[in-house]
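Those sequence lines, one after another, are chains A and B.
Here the first sequence stands for residues 3 to 300, where the numbers follow the numbering used here.
Here the second sequence stands for residues 437 to 750, where the numbers follow the numbering used here.
Glycine residues also receive a C-beta, built at the ideal position from the N, C-alpha and C atoms.
Remember, predicted model here, so these are calculated numbers, not experimental data.
Here is the structure we will look at.
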Amino acid sequence: MTLFFQQLINGLSLGAIYALIALGYTMVYGTLQLINFAHSEVFMMGAFAALLFSGAMGYEDGAGVIPAILVALVAMGSCAVLGMTIERLAYRPMRNSSRLNMLITAIGVSIFLQNLALKLWGTNLAFPDLIPKTNWNVLGVNVASNSVLVLGVTLVLMVLLTWVVERTKIGLSMRAVSHSRETAALMGIPVDRTISFTFALGSALAGPGPFLFLLRAPQVDPQMGAGPGLKAFVAAVLGGIGSVPGAVAGALVLGLSETFVSGYLSSTWRDAVAFCVLILILLYKPSGLFGKNTVEKV
Amino acid sequence: MKRVFGGYALFAVALAAIWAIEIFVIPNTDRYLTDMLLRVACTVISVIGLALVLGFTGQFSLGHAGFMAVGAYGSAILAMNYGVPFPVAVFLGGLMAALAGLAVGVPSLRLTGDYLAVVTLGFNQIIIVAVQNMPVLGGAQGLIGVPLETTFGWAFTWLLLGLAFLRNVLNSPQGRTFAAVRDNEIATRSLGIDTTRVKVTAFVIGAFWAGVSGALLAFKLSSIFPAQFETKISIELLAMVVLGGTGSLSGPVLSASILTLLPEVLRGLADYRMMFYALVLIVMMIVRPKGLLGSRELSDVIWAGFRRFVPAKA
Chain A
3 MTLFFQQLIN GLSLGAIYAL IALGYTMVYG TLQLINFAHS EVFMMGAFAA
53 LLFSGAMGYE DGAGVIPAIL VALVAMGSCA VLGMTIERLA YRPMRNSSRL
103 NMLITAIGVS IFLQNLALKL WGTNLAFPDL IPKTNWNVLG VNVASNSVLV
153 LGVTLVLMVL LTWVVERTKI GLSMRAVSHS RETAALMGIP VDRTISFTFA
203 LGSALAGPGP FLFLLRAPQV DPQMGAGPGL KAFVAAVLGG IGSVPGAVAG
253 ALVLGLSETF VSGYLSSTWR DAVAFCVLIL ILLYKPSGLF GKNTVEKV
Chain B
437 MKRVFGGYAL FAVALAAIWA IEIFVIPNTD RYLTDMLLRV ACTVISVIGL
487 ALVLGFTGQF SLGHAGFMAV GAYGSAILAM NYGVPFPVAV FLGGLMAALA
537 GLAVGVPSLR LTGDYLAVVT LGFNQIIIVA VQNMPVLGGA QGLIGVPLET
587 TFGWAFTWLL LGLAFLRNVL NSPQGRTFAA VRDNEIATRS LGIDTTRVKV
637 TAFVIGAFWA GVSGALLAFK LSSIFPAQFE TKISIELLAM VVLGGTGSLS
687 GPVLSASILT LLPEVLRGLA DYRMMFYALV LIVMMIVRPK GLLGSRELSD
737 VIWAGFRRFV PAKA
């Protein structure tokens, strides 16, 4: 039973990280129907921003909570700016072309950013442990402070996101644009600005993602986005792409199935089993957990 | 009659030319150049398979490299452990990939668009993890010591076979249904065509050529690693098809050749070459949204160019 709760906590914190990245995929998909393959590179760039900022400020191991919050905010800000820049330069000129073309553009942006980071900063850079790690023993279950931190930060950001999407004016325009871009434009909603904001928001959510990811594996690398990015994308689709609660649910399912497989079965087969679960769920619910069943119309 | 005969004659001439080059030219050619040509041939064989799935049938597969892995590992094991001769091993590698295509395709082709993409992507990941965990296949360290048998002649013979096969399939009544499914699935179904069957057929044929390509690659490189068949490669193959033009066969052939050679040509740019490669992709998509050839074939383009200078007699 102890093992069960142990894996549950690990799975939830892994799922929480996937969820933050998955939200970026799903929000962009909701507005542009684009699988933004460059999103995993935004995540990676966020990690580099965090690293450079802590370097510039001279933060070392155990710098404390305030520097950690500052670093996370800088990472979020850089991701938001990068997301908006990518949208403006690469996706806006493609707004009216086919989805496949936008997809290839996204792949191009992704390759570009990876190689840019490789050229500028190199590989495998160590990231300082800003917040000292501790482990708490709760009824025999070993709870790492990092897992709690990851879950806490994710929860706060989810609440904030829900508030922005459901309760603010810009959130209303976002929902309108994702419903129908043309109609939204006719209603006087500034479509370009709304899409730009969606990118900023989605990218900012990936900002603390790498920061939290670094708590688990403190290495900054141009390739670091690919793995979690792919998983998060899968999570977004699993939940029903375009759906915000779906992305979170999908991410948790994926995180939990990964940790439970490595806990109970085999850590080397982890990814294979996680993907089998995914395929089985999609075969049973072809439009994802929270996806709407689309009716085919002629 | 003339068309059919013309097709066979062209095929025979091309085949003779390939083997003439193999015998008389290749021994005197720079090893590096031959190597590049082989790489182009392997990539193109895989890309024409994906062109059928994505370009002609409109099914979004992100697992094409997974089928290449099946062909590569399957044929290598057959040749190394069971002494199967090289040409047969390549063919069987293709068949194994086709079987894998059938196994993946039958349940998953009910899904559409991005959901299909994710299932095929998942399949690719599963293949990679499976290979990494199987000591027989060399695990993550790779399978070493595959006999070096892929020569210019064999690679281009397979390429020629692939092109001829796909061309004939696409010009057959069955071939028309591929495009019908892509353009409007519901309308196609209302004409009494079993669209799932059409999609699975395209998928299986595409997987076969991916398998052949993987097999040729294995016998060219002599050592194969799971990392060579990752999702990243599937995405690159996808980019080649879209850049060449969906609904064209020669377009993807052209773009696959260019994109395979581009990083080599750009070697002078050193560290910047992949950035430049990415920029080429982005700019091409903005400037030529329909890809290099759109849905036309190279012969149409050349013919149209010829007609501009030599107008047809009225």
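Among the options, the one whose alpha carbon lies nearest that of residue i
| i | options | result |
| --- | --- | --- |
| I484(B) | G681(B), A714(B) and Y708(B) | G681(B) |
| M721(B) | L91(A), I71(A) and G64(A) | L91(A) |
| G687(B) | L528(B), S659(B), I718(B) and R724(B) | R724(B) |
| V111(A) | M86(A), L127(A) and I191(A) | M86(A) |
| L573(B) | T593(B), L596(B) and S511(B) | S511(B) |
| T416(B) | I738(B), G642(B) and M472(B) | It is not possible to answer for residue 416(B), since the shown part of chain B is limited to 437 through 750. |
| C478(B) | G491(B), V489(B), A501(B) and V701(B) | A501(B) |
| V44(A) | L14(A), G209(A) and N144(A) | G209(A) |
| L498(B) | A515(B), R475(B), A553(B) and S691(B) | A553(B) |
| R475(B) | L657(B), V701(B) and T632(B) | L657(B) |
| P69(A) | P130(A), N139(A) and R195(A) | P130(A) |
| T470(B) | T548(B), G589(B), F742(B) and V640(B) | G589(B) |
| L697(B) | Y713(B), S684(B) and F644(B) | Y713(B) |
| D273(A) | F601(B), V582(B), V567(B) and S693(B) | V567(B) |
| L72(A) | E168(A), M104(A), L54(A) and L267(A) | L54(A) |
| N12(A) | L254(A), N117(A), A276(A) and E168(A) | L254(A) |
| Y468(B) | F745(B), P747(B), V716(B) and E700(B) | E700(B) |
| F559(B) | L282(A), G241(A), K287(A) and A82(A) | L282(A) |
| V246(A) | A58(A), Y93(A), V155(A) and T164(A) | T164(A) |
| G494(B) | I641(B), A616(B) and L695(B) | A616(B) |
Neighbour list for residue i in chain A, Cβ cutoff strictly below 7 Å
| i | result |
| --- | --- |
| N569(B) | T270 and W271 |
| P543(B) | L285 |
| V565(B) | W271, D273 and A274 |
| I671(B) | I109 |
| I562(B) | A274, F277 and C278 |
Opening and closing residue of the alpha helix (DSSP H) in which residue i lies
| i | result |
| --- | --- |
| V143(A) | Segment V143 to A146 is the beta strand (DSSP E) holding V143(A); no alpha helix (DSSP H) there. |
| S99(A) | No alpha helix (DSSP H) holds S99(A); DSSP gives it neither H nor E. |
| T667(B) | T667 to G680 |
| I471(B) | It is worth fixing the name first, because residue 471(B) is Asp in this sequence and not Ile. Segment R467 to L486, the alpha helix (DSSP H) holding D471(B). |
| E621(B) | E621 to S626 |
| A65(A) | No alpha helix (DSSP H) contains A65(A), which DSSP labels as neither H nor E. |
| P688(B) | S686 to V701 |
| V542(B) | F522 to S544 |
| S205(A) | V193 to A208 |
| V576(B) | The residue asked about is misnamed: residue 576(B) is Ala in this sequence, not Val. A576(B) -> no alpha helix (DSSP H), and no H or E assigned at all. |
| N560(B) | G549 to Q568 |
| G184(A) | The sequence given here places Glu at residue 184(A); Gly does not occur at that position. Segment R183 to L188, the alpha helix (DSSP H) holding E184(A). |
| N12(A) | T4 to L34 |
| L596(B) | F588 to L606 |
| K635(B) | T631 to L657 |
Residue i - containing beta strand (DSSP E), residue span
| i | result |
| --- | --- |
| N139(A) | N137 to V140 |
Anticipated Cβ contact below 8 Å, residue i with residue j, distance rounded
| i | j | result |
| --- | --- | --- |
| P543(B) | L285(A) | 6 Å |
| A24(A) | A228(A) | At roughly 15 Å, the Cβ-Cβ gap does not stay under 8 Å, so A24(A) and A228(A) are not in contact. |
| L22(A) | G211(A) | 4 Å |
| G204(A) | M29(A) | 4 Å |
| F213(A) | A77(A) | 5 Å |
| L153(A) | L14(A) | 6 Å |
| L545(B) | T632(B) | 6 Å |
| F399(B) | R618(B) | Because chain B in this structure spans residues 437 to 750, residue 399(B) falls outside the shown range and cannot be described. |
Partner residues on chain B for residue i, Cβ-Cβ distance less than 8 Å
| i | result |
| --- | --- |
| N103(A) | V678, M721 and P725 |
| S289(A) | Y551 |
| V143(A) | By Cβ distance, chain B contributes nothing, its closest Cβ being about 29 Å from V143(A), past 8 Å. |
| P95(A) | I722 |
| V236(A) | V554, L557 and G558 |
9 Å Cβ cut-off: residues of chain B touching residue i
| i | result |
| --- | --- |
| G110(A) | A675, Y713, A714, L715, V716, L717, I718, V719, M720 and M721 |
| I243(A) | D550, Y551 and V554 |
| L280(A) | V554, V555 and G558 |
| I37(A) | D550 and A553 |
Proximal residues of chain A, C-beta to C-beta of residue i below 8 Å
| i | result |
| --- | --- |
| L698(B) | Result: empty, since nearest Cβ-Cβ is about 12 Å, beyond 8 Å. |
| R618(B) | Ordered by position in chain A, no residue passes the 8 Å Cβ test against R618(B), which lies about 12 Å from the chain. |
| D707(B) | N117, L120 and K121 |
Cross-chain neighbours of residue i in chain B, by beta carbon under 7 Å
| i | result |
| --- | --- |
| L232(A) | T667 |
| F114(A) | M711, A714 and L715 |
Chain A contact residues for residue i, given Cβ-Cβ distances below 9 Å
| i | result |
| --- | --- |
| T682(B) | S100 and L102 |
| L547(B) | L284, L285, P288 and S289 |
Decide if the region 222-233 of chain A is in contact with the region 47-54 of chain A; the criterion is three or more beta carbon pairs, one per stretch, under 8 Å apart. At 8 Å Cβ cutoff, the stretches touch.
Decide yes or no for the touch test of the region 446-461 of chain B against the region 650-667 of chain B: beta carbon pairs closer than 8 Å, at least 3 of them. Fewer than three beta-carbon pairs drawn from the region 446-461 of chain B and the region 650-667 of chain B are found closer than 8 Å, and the two stretches are therefore not classed as touching.
Quick one: any contact between the region 31-48 of chain A and the region 106-126 of chain A, if contact means 3 or more CB pairs under 8 Å? Remark: three or more beta-carbon pairs, one from each stretch, lie closer than 8 Å, so the region 31-48 of chain A and the region 106-126 of chain A are flagged as touching.
The region 561-573 of chain B / the region 500-517 of chain B touching (three or more Cβ pairs under 8 Å): Result yes; three or more Cβ-Cβ pairs closer than 8 Å.
Kindly confirm or deny that the region 532-541 of chain B and the region 589-607 of chain B touch, where touching means at least three C-beta pairs closer than 8 Å. Not touching, per the Cβ criterion.
Do three or more CB pairs link the region 513-532 of chain B to the region 667-685 of chain B at distances below 8 Å? With a cut-off of 8 Å, the region 667-685 of chain B and the region 513-532 of chain B do not count as touching, because too few Cβ pairs lie within range.
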